[in-house]
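Input: a single structure, listed below in structure tokens.
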Amino acid sequence: MYLLLFFPLFFWFSGFSAAQKDITGPNAVSGQERGSLTVQCRYTSKWKTSRKWWCRGAAWSSCKIQIQTDGSEKEQKKERLSIRDYQKELVFRVTLEDLRRDDADSYWCGFERLGTDPGLKVKVTVVPDLHEESLSSVRPSPTLAPSTTKTIKYQLVTTTSNSTQLETGTSAPTRSLLSNTYFLLLVFLKLPLLLSMLGIVLWVNRPQRGPAGLQNQPK
């Protein structure tokens, strides 16, 4: 009686193993970050018109279908994913564009059939973009924003100082005129005083003369 319980499981496992041979492809692929990668999966001729799909998840039984064909050779697109079935070549291709680091995961390529769908596990690896990392390390951090503000303030102060210098240069002739006027006032005020002092000095130092009668008296 217990053997009868194992018969359905045995037939299911046998059918799944046989179906696994109907699809082949790479076990692992890799692509450059911000680039693209294409996975090519082959199938046998009896599954030519079956719907092909691309599934994401570590476990085949619980993976989530990302995109699938409609049973024809028409290309299907969904965001960054595309899938196309080349039925004459018995192969379908899945392309993932603009790769991101979180795209790295386990995927499955397979097709629909009556019963359990067969699937092939594909490990996808995304290689980091080293050039982008080097640029991000050179970019200024947000903490440098205050320094930028200080620089702008310094430039404004410098500009204001230049304007002040220009205004000062414009008033230079006025200061020169005032200086000349002040000098002339000093000259006119001090000139009479100087002339008076000069007259006193000349009067004191004048030559001494005796009485006129004594000078003309004969000896």
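Numbered per mature numbering (1 follows the signal peptide of the UniProt record, and there is no 0), the sequence shown spans residues -19 to -1, 1 to 200. Just so it is clear, CB atoms sit at the ideal spot from N, CA and C, and this is done for glycine as well.
From the DSSP secondary-structure annotation, give me the bridge partner or partners of residue i.
i, result
"Ala39", "According to DSSP, which records beta bridges pairwise, Ala39 is partnered with nothing at all."
"Ala9", "Lys104"
"Arg74", "Gln21 and Arg65"
"Ser87", "Lys104"
"Gln49", "Trp34"
"Phe92", "Lys33"
"residue 204", "The chain is shown only over -19 to 200; residue 204 falls outside these bounds and no answer can be derived."
Roughly how many angstroms lie between the CA atoms of residue i and residue j, to the nearest whole one?
i, j, result
"Lys59", "Ile46", "12 Å"
"Ile4", "Tyr88", "14 Å"
"Ser53", "Ala39", "28 Å"
"Arg61", "Cys44", "19 Å"
"Lys134", "Asn161", "For Lys134, the predicted model reports a pLDDT of 45, less than 50, meaning its position is unreliable; a value from the coordinates is still stated below. Looking at the two C-alpha atoms, the distance is approximately 41 Å."
"Lys171", "Val182", "17 Å"
"Val103", "Asn8", "5 Å"
"Trp41", "Gln68", "24 Å"
"Thr97", "Leu111", "42 Å"
"residue 205", "Val185", "Given that the chain is displayed from residue -19 to residue 200, the structure contains no residue 205 and the question cannot be resolved."
"Thr25", "Lys2", "9 Å"
If I measure Cβ to Cβ from residue i and keep anything under 7 Å in the same chain, skipping five residues before and after, which residues do I get?
i, result
"Lys33", "Gln49, Thr50, Ile64, Asp66, Phe73 and Phe92"
"residue 201", "The chain is shown from -19 up to 200; residue 201 falls before or after that span and cannot be answered."
"Asp86", "Arg37 and Val105"
"Leu176", "none"
"Thr149", "Bear in mind that a pLDDT of 41 at Thr149, under 50, signals an unreliable position, so the model cannot answer this."
"Thr140", "Reliability of the predicted coordinates at Thr140 is poor, the pLDDT of 43 falling under 50, and no value is obtained from them."
I'd like the list of long-range same chain contacts for residue i, defined as Cβ closer than 6 Å, with 5 residues on each side in sequence excluded.
i, result
"Thr130", "At Thr130, the pLDDT of 45 sits below 50, so the modelled position is not reliable; the number obtained from the coordinates is stated separately. For Thr130, where only same-chain residues beyond five positions count, there are no Cβ hits under 6 Å."
According to DSSP, is residue i helix, strand or coil?
i, result
"Lys171", "helix"
"Ser63", "strand"
"Lys2", "coil"
"Lys27", "helix"
"Leu80", "coil"
"Asn161", "helix"
"Gly16", "coil"
Give the single residue among the options whose Cα lies nearest to the Cα of residue i.
i, options, result
"Pro109", "Lys27, Thr25 and Gln13", "Gln13"
"Ser11", "Asn186, Arg82 and Cys36", "Arg82"
"Trp35", "Leu174, Thr25 and Gly100", "Gly100"
"Thr19", "Phe169, Leu167, Cys90 and Leu166", "Cys90"
Leaving aside the five residues before and after residue i along the sequence, list all residues of the same chain whose C-beta is less than 8 Å from its C-beta, in chain order.
i, result
"Gln146", "Any answer about Gln146 is weak, because its pLDDT of 43 lies below 50 and its placement is not dependable; what the coordinates show is given next. Around Gln146: no qualifying Cβ."
"Ser17", "Thr76, Leu77, Glu78, Asp79 and Leu80"
"Asp84", "Leu77, Val105 and Val107"
"Leu179", "none"
"Gln57", "Ile48, Gln49, Thr50, Asp51, Ser63, Ile64 and Arg65"
"Arg23", "Ile4, Thr5, Gly6, Leu71 and Val72"
Does the ligand ADP have even one heavy atom less than 8 Å from the beta-carbon of residue i?
i, result
"Lys55", "The ligand ADP is not part of this structure, which contains no ligands at all."
Using a Cβ-Cβ distance under 9 Å, would residue i count as near chain B?
i, result
"Cys22", "In the structure shown, chain B cannot be found, because there is only a single protein chain."
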